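So the structure is just underneath, and the comments pick up after that.
In the numbering used here, the protein residues as written are 6 to 163.
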(Lines of atoms letter the chains of each structure in order from A and count residues from 1; the text may use other names and numbers.)
(Lines give C-alpha, C1' and ligand atoms only; values in the text may rest on other atoms or scores of the structure.)
Protein backbone atom coordinates (compact mmCIF):
# COMPACT_ATOMS: atom_id res chain seq x y z
CA UNK A 1 0.00 0.00 0.00
CA UNK A 2 1.13 3.49 -0.83
CA UNK A 3 -0.42 6.18 1.38
CA UNK A 4 0.06 9.69 0.10
CA UNK A 5 -1.29 13.18 0.72
CA UNK A 6 -3.64 14.61 -1.90
CA UNK A 7 -5.87 17.67 -2.06
CA UNK A 8 -9.46 17.06 -0.95
CA UNK A 9 -10.64 18.06 -4.43
CA UNK A 10 -8.27 15.66 -6.25
CA UNK A 11 -10.24 13.41 -8.67
CA UNK A 12 -9.43 10.27 -6.62
CA UNK A 13 -10.59 12.00 -3.43
CA UNK A 14 -13.81 13.10 -5.12
CA UNK A 15 -14.43 9.53 -6.37
CA UNK A 16 -13.94 8.00 -2.92
CA UNK A 17 -15.94 10.76 -1.26
CA UNK A 18 -18.84 9.94 -3.59
CA UNK A 19 -18.53 6.28 -2.54
CA UNK A 20 -18.51 7.06 1.18
CA UNK A 21 -21.48 9.38 0.77
CA UNK A 22 -23.38 6.58 -1.00
CA UNK A 23 -22.55 4.24 1.88
CA UNK A 24 -23.72 6.80 4.45
CA UNK A 25 -26.98 7.09 2.53
CA UNK A 26 -27.32 3.29 2.46
CA UNK A 27 -26.75 3.06 6.21
CA UNK A 28 -28.70 6.12 7.36
CA UNK A 29 -31.09 6.86 4.48
CA UNK A 30 -30.37 10.59 4.64
CA UNK A 31 -28.44 11.38 1.47
CA UNK A 32 -25.00 11.28 3.10
CA UNK A 33 -23.00 13.45 5.48
CA UNK A 34 -24.20 17.06 5.28
CA UNK A 35 -21.18 18.45 7.15
CA UNK A 36 -19.73 21.29 5.10
CA UNK A 37 -16.15 20.60 4.01
CA UNK A 38 -13.83 22.75 1.91
CA UNK A 39 -10.65 21.57 0.17
CA UNK A 40 -8.78 24.26 2.12
CA UNK A 41 -9.83 22.54 5.39
CA UNK A 42 -7.29 19.81 4.68
CA UNK A 43 -4.40 21.98 3.51
CA UNK A 44 -1.25 21.59 5.61
CA UNK A 45 -0.37 22.67 8.21
CA UNK A 46 -4.02 23.06 9.34
CA UNK A 47 -5.09 19.69 8.00
CA UNK A 48 -4.18 16.75 5.81
CA UNK A 49 -6.01 14.40 3.45
CA UNK A 50 -4.60 10.97 2.65
CA UNK A 51 -5.43 8.31 0.09
CA UNK A 52 -4.13 4.75 0.16
CA UNK A 53 -3.41 3.24 -3.25
CA UNK A 54 -3.06 -0.46 -3.96
CA UNK A 55 -0.30 -2.04 -6.06
CA UNK A 56 -2.23 -1.18 -9.25
CA UNK A 57 -2.37 2.50 -8.14
CA UNK A 58 -6.11 2.23 -7.49
CA UNK A 59 -7.43 4.49 -4.68
CA UNK A 60 -8.82 2.21 -1.97
CA UNK A 61 -8.97 4.18 1.31
CA UNK A 62 -9.11 7.75 2.57
CA UNK A 63 -8.99 9.84 5.68
CA UNK A 64 -8.28 13.39 6.67
CA UNK A 65 -8.07 15.79 9.57
CA UNK A 66 -8.86 19.48 9.82
CA UNK A 67 -8.05 22.00 12.53
CA UNK A 68 -10.83 23.05 14.84
CA UNK A 69 -10.76 25.54 17.65
CA UNK A 70 -13.38 26.68 20.16
CA UNK A 71 -16.77 27.02 18.46
CA UNK A 72 -20.48 27.09 19.14
CA UNK A 73 -20.62 23.55 17.68
CA UNK A 74 -18.66 22.16 20.65
CA UNK A 75 -15.07 22.17 19.41
CA UNK A 76 -12.17 23.07 21.70
CA UNK A 77 -8.96 24.94 21.01
CA UNK A 78 -6.33 22.56 19.65
CA UNK A 79 -8.74 20.02 18.18
CA UNK A 80 -7.98 18.05 15.03
CA UNK A 81 -11.22 16.68 13.58
CA UNK A 82 -11.06 13.37 11.76
CA UNK A 83 -13.14 13.29 8.55
CA UNK A 84 -13.94 10.90 5.70
CA UNK A 85 -12.30 7.76 7.03
CA UNK A 86 -13.29 5.18 4.43
CA UNK A 87 -12.07 1.90 2.97
CA UNK A 88 -13.69 0.39 -0.11
CA UNK A 89 -15.56 -2.82 0.69
CA UNK A 90 -13.21 -5.28 -0.97
CA UNK A 91 -10.20 -3.90 0.95
CA UNK A 92 -11.72 -3.93 4.43
CA UNK A 93 -10.14 -6.06 7.12
CA UNK A 94 -6.55 -5.46 6.01
CA UNK A 95 -5.62 -2.74 8.52
CA UNK A 96 -5.82 0.17 6.08
CA UNK A 97 -8.04 2.34 8.26
CA UNK A 98 -5.73 1.76 11.23
CA UNK A 99 -2.67 2.78 9.16
CA UNK A 100 -4.36 5.93 7.88
CA UNK A 101 -5.60 6.79 11.36
CA UNK A 102 -2.08 6.48 12.82
CA UNK A 103 -0.61 8.65 10.04
CA UNK A 104 -3.28 11.32 10.59
CA UNK A 105 -2.71 11.31 14.35
CA UNK A 106 1.05 11.69 13.84
CA UNK A 107 0.58 14.57 11.41
CA UNK A 108 -1.93 16.40 13.62
CA UNK A 109 0.40 16.00 16.61
CA UNK A 110 3.33 17.38 14.58
CA UNK A 111 1.12 20.33 13.56
CA UNK A 112 0.62 21.18 17.24
CA UNK A 113 -2.92 19.87 17.65
CA UNK A 114 -3.60 18.47 21.11
CA UNK A 115 -6.68 16.28 20.66
CA UNK A 116 -8.10 14.20 17.80
CA UNK A 117 -11.90 14.19 17.70
CA UNK A 118 -14.41 12.45 15.48
CA UNK A 119 -18.10 11.97 14.96
CA UNK A 120 -19.57 8.72 13.69
CA UNK A 121 -22.91 7.02 14.05
CA UNK A 122 -24.64 3.99 15.45
CA UNK A 123 -24.96 2.44 11.97
CA UNK A 124 -21.16 2.22 11.71
CA UNK A 125 -20.26 -0.32 14.40
CA UNK A 126 -16.99 -1.25 12.71
CA UNK A 127 -15.86 2.39 12.86
CA UNK A 128 -16.77 2.60 16.54
CA UNK A 129 -14.81 -0.60 17.20
CA UNK A 130 -11.76 0.80 15.36
CA UNK A 131 -11.76 4.02 17.35
CA UNK A 132 -12.33 2.34 20.73
CA UNK A 133 -9.53 -0.14 20.04
CA UNK A 134 -7.27 2.78 19.04
CA UNK A 135 -7.62 4.59 22.35
CA UNK A 136 -10.55 6.90 21.65
CA UNK A 137 -13.10 7.54 24.36
CA UNK A 138 -16.63 8.97 24.21
CA UNK A 139 -16.71 12.75 24.53
CA UNK A 140 -19.38 15.47 24.53
CA UNK A 141 -21.11 15.73 21.18
CA UNK A 142 -19.98 18.37 18.71
CA UNK A 143 -20.47 19.36 15.09
CA UNK A 144 -23.33 19.21 12.63
CA UNK A 145 -24.91 16.01 14.03
CA UNK A 146 -24.53 16.78 17.75
CA UNK A 147 -28.30 16.82 18.28
CA UNK A 148 -28.94 13.49 16.51
CA UNK A 149 -29.63 10.42 18.68
CA UNK A 150 -27.57 8.25 16.32
CA UNK A 151 -24.48 10.45 16.63
CA UNK A 152 -21.48 9.26 18.63
CA UNK A 153 -18.44 11.45 19.32
CA UNK A 154 -15.01 10.31 20.44
CA UNK A 155 -11.72 11.96 21.37
CA UNK A 156 -8.12 10.99 21.99
CA UNK A 157 -5.36 13.19 23.43
CA UNK A 158 -2.48 13.58 21.01
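Note that the Cβ used here is the ideal one computed from N, Cα and C, for glycine as well. It should be emphasised that the depicted structure is a prediction, and the values quoted were computed from it without experimental measurement.
Secondary structure of residue i, DSSP reduced to three states
i	result
residue 163	coil
residue 97	coil
residue 145	coil
residue 138	helix
residue 102	helix
residue 114	helix
residue 131	helix
residue 61	coil
Cβ-Cβ separation, residue j to residue i (assumed contact under 8 Å), whole Å
i	j	result
residue 90	residue 132	7 Å
residue 116	residue 50	5 Å
For residue i, the first and last residue of its enclosing beta strand (DSSP E)
i	result
residue 12	Note, residue 12: premise wrong, no beta strand (DSSP E); not H, not E.
residue 84	84-92
Status (buried if at least 16 other CB within 10 Å, exposed otherwise) for residue i
i	result
residue 88	buried
residue 72	buried
Quiz prompt | Length at least 3, wholly inside the region 24-59: the beta strand (DSSP E) runs in chain order | solution = Runs found: 52-58.
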